[in-house]
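Worksheet: the structure to be examined is printed underneath.
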Amino acid sequence: MPDFPENIQQFLSPETDRLLFLQQRLLSYGVDSSVICLEGHKHLFVNFPPEAFNPQYKINVIAVHYDRVENSPGANDNSLACLVAADFAKEILERAKKGIFSNIRIFFTDGEEKGKNGVFEQGSYTLAQKFKNWSFDKNNVFVFDSCGRGNVAVLAKNTMPVSFTSRNSIFVRDFSALYTRASNILSEISPSKYMILPVPYSDNAGFLASGIPAVQITFLPENEVSFYLKNLMNDKNLEKAVMNRQIEKNEDFRFKYLEKMPTTWRLFHTPYDNLLSLTKESATLLKKIFRRLLVPVYN
1 MPDFPENIQQ FLSPETDRLL FLQQRLLSYG VDSSVICLEG HKHLFVNFPP EAFNPQYKIN
61 VIAVHYDRVE NSPGANDNSL ACLVAADFAK EILERAKKGI FSNIRIFFTD GEEKGKNGVF
121 EQGSYTLAQK FKNWSFDKNN VFVFDSCGRG NVAVLAKNTM PVSFTSRNSI FVRDFSALYT
181 RASNILSEIS PSKYMILPVP YSDNAGFLAS GIPAVQITFL PENEVSFYLK NLMNDKNLEK
241 AVMNRQIEKN EDFRFKYLEK MPTTWRLFHT PYDNLLSLTK ESATLLKKIF RRLLVPVYN
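So in the numbering used here, spot 89 of the sequence shown is number 89, and the numbers just go up one at a time.
Shown next, in the form of C-alpha coordinates:
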(Lines of atoms letter the chains of each structure in order from A; the text may use other names.)
(Lines give C-alpha, C1' and ligand atoms only; values in the text may rest on other atoms or scores of the structure.)
Protein backbone atom coordinates (compact mmCIF):
# COMPACT_ATOMS: atom_id res chain seq x y z
CA MET A 1 0.00 0.00 0.00
CA PRO A 2 2.42 2.68 -1.23
CA ASP A 3 0.00 5.58 -0.64
CA PHE A 4 -0.03 4.95 3.12
CA PRO A 5 3.00 5.69 5.30
CA GLU A 6 5.50 2.85 5.50
CA ASN A 7 4.96 0.29 8.28
CA ILE A 8 1.59 1.73 9.27
CA GLN A 9 0.26 -1.77 9.98
CA GLN A 10 3.01 -2.30 12.54
CA PHE A 11 2.19 1.05 14.20
CA LEU A 12 -1.44 -0.08 14.50
CA SER A 13 -0.57 -3.37 16.18
CA PRO A 14 -1.78 -3.54 19.81
CA GLU A 15 1.63 -4.89 20.83
CA THR A 16 3.54 -1.89 19.46
CA ASP A 17 5.20 0.57 21.82
CA ARG A 18 4.08 3.60 19.85
CA LEU A 19 6.43 6.06 21.53
CA LEU A 20 9.45 3.84 20.84
CA PHE A 21 8.22 3.25 17.28
CA LEU A 22 8.16 7.00 16.59
CA GLN A 23 11.57 7.53 18.19
CA GLN A 24 13.09 4.78 16.05
CA ARG A 25 11.39 6.01 12.89
CA LEU A 26 12.77 9.50 13.42
CA LEU A 27 16.21 8.13 14.25
CA SER A 28 16.22 6.11 11.01
CA TYR A 29 15.97 9.48 9.23
CA GLY A 30 18.78 10.94 11.31
CA VAL A 31 16.29 13.02 13.32
CA ASP A 32 16.85 13.28 17.06
CA SER A 33 13.99 13.53 19.55
CA SER A 34 13.42 13.98 23.29
CA VAL A 35 10.82 12.50 25.61
CA ILE A 36 9.16 15.08 27.85
CA CYS A 37 7.55 13.51 30.92
CA LEU A 38 4.78 15.60 32.47
CA GLU A 39 2.10 14.50 34.93
CA GLY A 40 2.32 10.87 33.86
CA HIS A 41 2.30 11.66 30.14
CA LYS A 42 5.19 11.13 27.74
CA HIS A 43 5.34 13.68 24.93
CA LEU A 44 7.87 13.38 22.11
CA PHE A 45 9.60 16.55 20.90
CA VAL A 46 11.49 16.53 17.62
CA ASN A 47 14.90 18.18 17.88
CA PHE A 48 15.77 20.09 14.73
CA PRO A 49 19.16 21.82 14.30
CA PRO A 50 19.47 25.63 14.63
CA GLU A 51 19.65 25.90 10.84
CA ALA A 52 15.99 24.89 10.69
CA PHE A 53 14.93 28.20 12.28
CA ASN A 54 14.96 31.88 11.41
CA PRO A 55 13.92 34.23 14.25
CA GLN A 56 12.52 36.80 11.80
CA TYR A 57 9.55 34.55 11.04
CA LYS A 58 6.79 32.86 12.98
CA ILE A 59 7.28 29.30 14.18
CA ASN A 60 4.54 26.77 13.49
CA VAL A 61 3.94 23.90 15.91
CA ILE A 62 2.54 20.70 14.45
CA ALA A 63 0.88 18.78 17.29
CA VAL A 64 -0.36 15.22 16.75
CA HIS A 65 -1.39 12.88 19.56
CA TYR A 66 -0.01 9.35 19.42
CA ASP A 67 -2.02 7.83 22.28
CA ARG A 68 -5.13 5.79 21.58
CA VAL A 69 -7.89 4.11 23.53
CA GLU A 70 -7.64 0.47 24.48
CA ASN A 71 -9.02 -2.09 22.02
CA SER A 72 -8.92 0.29 19.06
CA PRO A 73 -6.20 0.32 16.39
CA GLY A 74 -6.56 4.11 16.20
CA ALA A 75 -5.79 4.20 12.47
CA ASN A 76 -7.54 7.51 11.91
CA ASP A 77 -7.39 8.60 15.54
CA ASN A 78 -4.50 9.42 15.21
CA SER A 79 -1.99 7.06 13.62
CA LEU A 80 -1.88 8.30 10.04
CA ALA A 81 -1.24 11.89 11.10
CA CYS A 82 1.58 10.72 13.41
CA LEU A 83 3.40 8.86 10.65
CA VAL A 84 2.96 11.62 8.08
CA ALA A 85 4.35 14.09 10.64
CA ALA A 86 7.33 11.80 11.38
CA ASP A 87 8.07 11.53 7.67
CA PHE A 88 7.75 15.30 7.33
CA ALA A 89 10.45 15.68 9.98
CA LYS A 90 12.83 14.03 7.54
CA GLU A 91 12.08 16.75 4.97
CA ILE A 92 12.73 19.48 7.52
CA LEU A 93 16.11 17.99 8.43
CA GLU A 94 17.07 17.70 4.75
CA ARG A 95 16.16 21.35 4.22
CA ALA A 96 18.24 22.38 7.24
CA LYS A 97 21.25 20.52 5.86
CA LYS A 98 20.93 22.66 2.73
CA GLY A 99 20.73 25.84 4.81
CA ILE A 100 16.97 26.26 4.25
CA PHE A 101 14.96 27.14 7.35
CA SER A 102 11.49 25.69 8.00
CA ASN A 103 10.46 27.21 11.35
CA ILE A 104 8.52 24.07 12.25
CA ARG A 105 8.35 22.34 15.61
CA ILE A 106 6.75 18.92 15.92
CA PHE A 107 5.26 17.43 19.07
CA PHE A 108 3.79 13.96 19.37
CA THR A 109 1.51 14.40 22.37
CA ASP A 110 0.27 11.91 24.93
CA GLY A 111 -2.97 11.90 26.91
CA GLU A 112 -5.30 13.46 24.32
CA GLU A 113 -7.82 10.69 24.79
CA LYS A 114 -8.16 11.65 28.46
CA GLY A 115 -9.83 14.87 27.37
CA LYS A 116 -13.25 13.28 27.71
CA ASN A 117 -12.65 13.44 31.47
CA GLY A 118 -12.08 17.19 31.30
CA VAL A 119 -9.56 19.47 29.67
CA PHE A 120 -7.30 19.57 32.72
CA GLU A 121 -6.75 15.82 32.36
CA GLN A 122 -5.37 16.25 28.86
CA GLY A 123 -1.67 15.86 28.35
CA SER A 124 -1.63 18.98 26.19
CA TYR A 125 -2.75 21.10 29.15
CA THR A 126 0.43 20.56 31.19
CA LEU A 127 2.49 20.67 28.00
CA ALA A 128 1.02 24.09 27.27
CA GLN A 129 2.21 25.29 30.67
CA LYS A 130 5.74 24.32 29.65
CA PHE A 131 5.32 26.22 26.39
CA LYS A 132 5.24 29.38 28.46
CA ASN A 133 8.46 28.44 30.27
CA TRP A 134 10.17 27.69 26.97
CA SER A 135 8.85 30.90 25.34
CA PHE A 136 6.93 28.77 22.83
CA ASP A 137 3.64 30.46 23.69
CA LYS A 138 3.96 32.86 20.74
CA ASN A 139 4.25 29.97 18.29
CA ASN A 140 1.33 29.16 16.00
CA VAL A 141 -0.09 25.85 17.21
CA PHE A 142 -1.76 23.63 14.61
CA VAL A 143 -3.37 20.50 16.04
CA PHE A 144 -3.95 17.70 13.53
CA ASP A 145 -6.29 14.95 14.63
CA SER A 146 -8.08 12.26 12.62
CA CYS A 147 -6.75 13.22 9.21
CA GLY A 148 -6.91 9.71 7.76
CA ARG A 149 -10.39 9.62 6.20
CA GLY A 150 -11.74 11.81 3.44
CA ASN A 151 -10.60 14.61 1.16
CA VAL A 152 -12.34 17.56 2.83
CA ALA A 153 -10.11 19.57 5.15
CA VAL A 154 -12.16 20.75 8.13
CA LEU A 155 -11.14 23.61 10.39
CA ALA A 156 -12.76 23.24 13.80
CA LYS A 157 -15.24 26.05 14.35
CA ASN A 158 -13.91 29.06 16.23
CA THR A 159 -14.10 28.08 19.89
CA MET A 160 -12.42 30.91 21.74
CA PRO A 161 -12.85 30.41 25.51
CA VAL A 162 -15.22 32.93 27.07
CA SER A 163 -12.82 33.54 29.97
CA PHE A 164 -10.24 34.91 27.54
CA THR A 165 -12.53 36.89 25.26
CA SER A 166 -13.61 39.10 28.13
CA ARG A 167 -10.23 39.63 29.82
CA ASN A 168 -7.37 39.11 27.43
CA SER A 169 -7.31 41.27 24.33
CA ILE A 170 -3.87 39.96 23.33
CA PHE A 171 -5.14 36.39 23.32
CA VAL A 172 -8.16 37.42 21.25
CA ARG A 173 -5.93 39.19 18.74
CA ASP A 174 -3.46 36.31 18.44
CA PHE A 175 -6.13 33.62 18.25
CA SER A 176 -8.08 35.54 15.61
CA ALA A 177 -4.94 36.01 13.52
CA LEU A 178 -4.05 32.31 13.78
CA TYR A 179 -7.58 31.24 12.96
CA THR A 180 -7.70 33.48 9.89
CA ARG A 181 -4.33 32.17 8.76
CA ALA A 182 -5.43 28.54 9.14
CA SER A 183 -8.61 29.27 7.20
CA ASN A 184 -6.65 30.93 4.42
CA ILE A 185 -4.19 28.03 4.18
CA LEU A 186 -6.95 25.43 3.85
CA SER A 187 -8.95 27.48 1.35
CA GLU A 188 -5.81 27.99 -0.72
CA ILE A 189 -4.88 24.29 -0.77
CA SER A 190 -8.38 22.96 -1.24
CA PRO A 191 -10.71 25.81 -2.26
CA SER A 192 -13.64 23.59 -3.30
CA LYS A 193 -13.20 21.06 -0.48
CA TYR A 194 -12.72 23.01 2.71
CA MET A 195 -15.16 23.55 5.55
CA ILE A 196 -15.48 25.15 8.98
CA LEU A 197 -17.57 22.88 11.20
CA PRO A 198 -18.24 22.13 14.87
CA VAL A 199 -15.71 19.45 15.80
CA PRO A 200 -15.08 17.67 19.11
CA TYR A 201 -12.13 19.18 20.97
CA SER A 202 -8.70 17.62 20.58
CA ASP A 203 -5.37 18.83 22.00
CA ASN A 204 -6.40 22.36 21.06
CA ALA A 205 -8.54 22.34 24.21
CA GLY A 206 -5.50 21.97 26.47
CA PHE A 207 -3.66 24.79 24.74
CA LEU A 208 -6.67 27.11 24.70
CA ALA A 209 -7.37 26.47 28.38
CA SER A 210 -3.79 27.57 29.06
CA GLY A 211 -4.21 30.79 27.14
CA ILE A 212 -2.21 29.65 24.10
CA PRO A 213 -3.96 30.09 20.73
CA ALA A 214 -4.36 26.81 18.87
CA VAL A 215 -6.46 25.61 15.95
CA GLN A 216 -7.58 22.10 15.08
CA ILE A 217 -7.68 20.55 11.62
CA THR A 218 -9.34 17.26 10.74
CA PHE A 219 -10.63 15.52 7.59
CA LEU A 220 -13.98 14.08 6.51
CA PRO A 221 -15.33 12.45 3.33
CA GLU A 222 -17.54 14.73 1.19
CA ASN A 223 -20.71 12.70 1.68
CA GLU A 224 -20.26 12.78 5.45
CA VAL A 225 -19.83 16.56 5.40
CA SER A 226 -23.14 16.94 3.53
CA PHE A 227 -24.87 14.57 5.94
CA TYR A 228 -23.48 16.39 8.99
CA LEU A 229 -24.38 19.85 7.64
CA LYS A 230 -27.95 18.75 7.05
CA ASN A 231 -28.26 17.45 10.60
CA LEU A 232 -26.71 20.62 12.05
CA MET A 233 -29.34 22.70 10.28
CA ASN A 234 -32.19 20.46 11.39
CA ASP A 235 -31.14 20.10 15.04
CA LYS A 236 -29.79 23.21 16.76
CA ASN A 237 -28.70 21.18 19.80
CA LEU A 238 -26.37 18.97 17.78
CA GLU A 239 -23.55 21.52 17.70
CA LYS A 240 -23.66 21.94 21.48
CA ALA A 241 -23.56 18.16 21.95
CA VAL A 242 -20.53 17.91 19.68
CA MET A 243 -18.59 20.82 21.15
CA ASN A 244 -19.18 19.71 24.75
CA ARG A 245 -18.42 16.05 23.91
CA GLN A 246 -21.74 15.19 25.51
CA ILE A 247 -22.12 12.16 23.27
CA GLU A 248 -19.12 10.67 25.08
CA LYS A 249 -20.17 11.65 28.57
CA ASN A 250 -23.91 10.99 28.57
CA GLU A 251 -25.67 7.86 27.32
CA ASP A 252 -28.89 9.78 26.62
CA PHE A 253 -27.06 12.22 24.37
CA ARG A 254 -25.20 9.34 22.76
CA PHE A 255 -28.43 7.53 21.94
CA LYS A 256 -30.01 10.69 20.55
CA TYR A 257 -27.14 12.17 18.56
CA LEU A 258 -24.76 9.41 17.52
CA GLU A 259 -26.70 8.58 14.36
CA LYS A 260 -26.49 12.25 13.35
CA MET A 261 -22.71 12.30 13.47
CA PRO A 262 -20.38 11.63 10.54
CA THR A 263 -19.64 7.93 10.13
CA THR A 264 -15.95 8.70 10.59
CA TRP A 265 -16.58 9.94 14.13
CA ARG A 266 -18.72 6.93 14.98
CA LEU A 267 -15.69 4.74 14.32
CA PHE A 268 -13.66 6.53 16.99
CA HIS A 269 -12.54 4.31 19.89
CA THR A 270 -13.81 1.14 18.22
CA PRO A 271 -12.09 -1.84 16.52
CA TYR A 272 -13.37 -0.41 13.21
CA ASP A 273 -10.98 2.53 13.32
CA ASN A 274 -8.59 0.33 11.37
CA LEU A 275 -6.48 0.40 8.23
CA LEU A 276 -9.43 -0.50 6.02
CA SER A 277 -11.26 2.64 7.17
CA LEU A 278 -8.54 4.99 5.87
CA THR A 279 -8.56 6.70 2.48
CA LYS A 280 -5.31 7.00 0.56
CA GLU A 281 -5.89 10.59 -0.63
CA SER A 282 -5.90 11.77 2.98
CA ALA A 283 -2.15 11.28 3.43
CA THR A 284 -1.49 13.31 0.27
CA LEU A 285 -3.73 16.15 1.45
CA LEU A 286 -2.09 16.21 4.87
CA LYS A 287 1.37 16.43 3.31
CA LYS A 288 0.22 19.42 1.26
CA ILE A 289 -0.95 21.22 4.37
CA PHE A 290 2.28 20.48 6.22
CA ARG A 291 4.31 21.79 3.30
CA ARG A 292 2.18 24.92 3.11
CA LEU A 293 3.27 25.67 6.69
CA LEU A 294 6.79 26.05 5.33
CA VAL A 295 5.83 29.36 3.71
CA PRO A 296 7.44 32.01 5.95
CA VAL A 297 5.35 34.58 7.79
CA TYR A 298 7.01 37.55 9.50
CA ASN A 299 6.72 37.88 13.27
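Ideal placement from N, C-alpha and C gives every residue a C-beta, glycine not left out.
Host beta strand (DSSP E) of residue i (start-end)
i	result
L155	152-156
S34	32-38
N60	60-65
R105	104-109
L44	41-47
F142	140-144
Inter-residue CB distance, residue i and residue j (contact presumed, cutoff 8 Å)
i	j	result
Y29	L93	7 Å
K230	V199	That pair is no contact at about 17 Å.
D273	S72	5 Å
F131	I62	In fact, because the Cβ distance is near 14 Å, the residues do not count as touching under 8 Å.
L155	S183	6 Å
V69	E113	5 Å
Residue i versus residue j: straight-line alpha-carbon distance, rounded
i	j	result
Y194	L293	17 Å
F290	V297	15 Å
Q216	S34	24 Å
F255	F144	28 Å
T218	G74	15 Å
D203	Q122	7 Å
S210	Y201	14 Å
E51	I196	35 Å
E259	G150	19 Å
I106	V119	21 Å
E15	N299	44 Å
Q129	Q9	34 Å
F171	S192	31 Å
D174	N133	19 Å
S13	N168	44 Å
L276	F11	14 Å
N47	P55	16 Å
E239	S226	15 Å
F136	K42	18 Å
M1	F45	Per-residue confidence for M1 stands at a pLDDT of 42, beneath the threshold of 50, marking its modelled position as unreliable; the derived number appears in the next sentence. Rounded to whole angstroms, M1 to F45 spans 28 Å at the Cα level.
N244	N117	11 Å
I100	M233	47 Å
N237	L208	23 Å
G115	E6	29 Å
A295	A214	The residue asked about is misnamed: residue 295 is Val in this sequence, not Ala. V295 and A214: Cα-Cα distance of roughly 18 Å.
L286	M261	23 Å
Residue j beta carbon less than 9 Å from that of residue i
i	j	result
S146	F268	yes
L22	F108	yes
G40	S124	no
L178	A153	no
A89	V31	yes
N76	T264	yes
G148	S282	yes
I36	L127	yes
F142	N103	no
T284	D3	yes
Y66	R25	no
N140	R181	yes
Y228	A241	no
K280	I189	no
First through last residue of the alpha helix (DSSP H) which encompasses residue i
i	result
V242	238-243
K90	80-97
I289	280-292
F120	Run containing F120: none; DSSP gives neither H nor E here.
L27	18-28
Q10	8-12
Review point. Which whole runs of the alpha helix (DSSP H) in the stretch 169-232 are 4 residues long or more, in chain order?
Key: 169-189, 204-209
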